[in-house]
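Going line by line, the protein sequences match chains E and P. Going letter by letter, the first sequence gives residues 1 to 116 in the working numbering. Going letter by letter, the second sequence gives residues 1 to 115 in the working numbering. We put the CB at the ideal spot given by N, CA and C, even for glycine. Have a look at the structure below before the remarks.
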Amino acid sequence: GENVEQHPSTLSVQEGDSAVIKCTYSDSASNYFPWYKQELGKRPQLIIDIRSNVGEKKDQRIAVTLNKTAKHFSLHITETQPEDSAVYFCAAKGRNYGGSQGNLIFGKGTKLSVKP
Amino acid sequence: EPEVTQTPSHQVTQMGQEVILRCVPISNHLYFYWYRQILGQKVEFLVSFYNNEISEKSEIFDDQFSVERPDGSNFTLKIRSTKLEDSAMYFCASSEQPTSQSEQFFGPGTRLTVL
Numbered sequence: 001g002e003n004v005e006q007h008p009s010t011l012s013v014q015e016g017d018s019a020v021i022k023c024t025y026s027d028s029a030s031n032y033f034p035w036y037k038q039e040l041g042k043r044p045q046l047i048i049d050i051r052s053n054v055g056e057k058k059d060q061r062i063a064v065t066l067n068k069t070a071k072h073f074s075l076h077i078t079e080t081q082p083e084d085s086a087v088y089f090c091a092a093k094g095r096n097y098g099g100s101q102g103n104l105i106f107g108k109g110t111k112l113s114v115k116p
Numbered sequence: 001e002p003e004v005t006q007t008p009s010h011q012v013t014q015m016g017q018e019v020i021l022r023c024v025p026i027s028n029h030l031y032f033y034w035y036r037q038i039l040g041q042k043v044e045f046l047v048s049f050y051n052n053e054i055s056e057k058s059e060i061f062d063d064q065f066s067v068e069r070p071d072g073s074n075f076t077l078k079i080r081s082t083k084l085e086d087s088a089m090y091f092c093a094s095s096e097q098p099t100s101q102s103e104q105f106f107g108p109g110t111r112l113t114v115l
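As structure tokens, then:
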């Protein structure tokens, strides 16, 4: 089945700097890659996603890139702010089997700390 | 904005007891999921549910687990005989369309503690 690796596990940046989190996936059939932000004690919330028919997507300070050949995708946060501090999870949609819809396989998460 | 809700927020139980975790998905959503997150670890898929039947389940979702949609609003996860290692945060999620076509919205979670 699908396996998602995420690096780094922790990331500390100064306010205003950029942060990059990288993920790799194993199943070439995966076609959907969301990123979730989870603040301490709260639910994961989708911040951006990308589908396999595009290579890059941007939403204000957040961007995601996808390299299908290399099977990796990255989250880029520019002009980081203290409120960006959270755990970020990448995920990949697993392969559909039979009539299944395929489900999200998550990476282990990156704890981002933005220092003022 | 509609949200997925879950009850209880925290459940403490003795090993071997049965627990039922409850979820109310967003009303127009058709696809439902359960995930768990052991403290400090990644979110792990348990099961997906559509059209009143399980679509897919992971290796974690063994015979001790079951899901049900007893009425038009609730979606439940039952653990028949809890083990210490079942202690985790359990998240329910729902989506309007299948994964990759629409966002999965997560509930606030139920923290299960098995003593």
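Asked: Who are the neighbours of P:Lys-42 on chain E, taking C-beta pairs under 7 Å?; Found: Phe-89, Phe-106, Gly-107, Lys-108 and Gly-109
Asked: Would E:Leu-75 count as contacting chain P if we go by Cβ distances under 9 Å?; Found: no
Asked: With a threshold of 8 Å on Cβ separation, who are the neighbours of P:Pro-54 within its own chain once the five nearest residues in sequence on each side are excluded?; Found: In the sequence as displayed, the identity of residue 54 of chain P is Ile instead of Pro. Result list for P:Ile-54: Val-47, Ser-48 and Val-67, in chain order.
Asked: In the DSSP output, what is P:Ala-88 paired with across the bridge?; Found: P:Leu-112
Asked: Where E:Tyr-25 and P:Asp-86 are concerned, what is the direct C-alpha to C-alpha distance, given to the nearest angstrom?; Found: 27 Å
Asked: Give the residues of chain C in contact with P:Pro-108, contact being defined as C-beta atoms less than 8 Å apart.; Found: Absent here is chain C; the protein component of the structure consists of chains E and P.
Asked: Residues in the same chain with beta-carbon distance under 7 Å from E:Glu-5, minus the five sequence neighbours each way, listed in chain order, please.; Found: Cys-23, Thr-24 and Gly-107
Asked: Using only alpha-carbon positions, find the residue among E:Pro-116, E:Ile-105, E:Leu-46 and E:Val-64 that is nearest to E:Val-54.; Found: E:Val-64
Asked: Just the C-alpha distance for P:His-10 and P:Val-43, rounded to the nearest angstrom, thanks.; Found: 18 Å
Asked: Any beta carbon from chain P within less than 9 Å of E:Gly-99's own beta carbon?; Found: Low local confidence applies: a pLDDT of 47 at E:Gly-99 is under 50, so the model's placement there is unreliable, and no value is given.
Asked: Is E:Asp-84 helix, strand or coil by DSSP?; Found: helix
Asked: Where E:Ser-18 and E:Thr-78 are concerned, what is the direct C-alpha to C-alpha distance, given to the nearest angstrom?; Found: 4 Å
Asked: Answer with buried or exposed for E:Arg-61, where buried requires no fewer than 16 other C-beta atoms within 10 angstroms of its C-beta.; Found: exposed
Asked: Go ahead and pull the three-state DSSP assignment for P:Phe-49.; Found: strand
Asked: Between the Cα of P:Ile-20 and the Cα atoms of P:Val-12, P:Ala-88 and P:Lys-78, which residue gives the shortest distance?; Found: P:Lys-78
Asked: Would you mind sorting P:Met-89 into buried or exposed? The rule is 16 or more other CB atoms within 10 Å of its CB.; Found: buried
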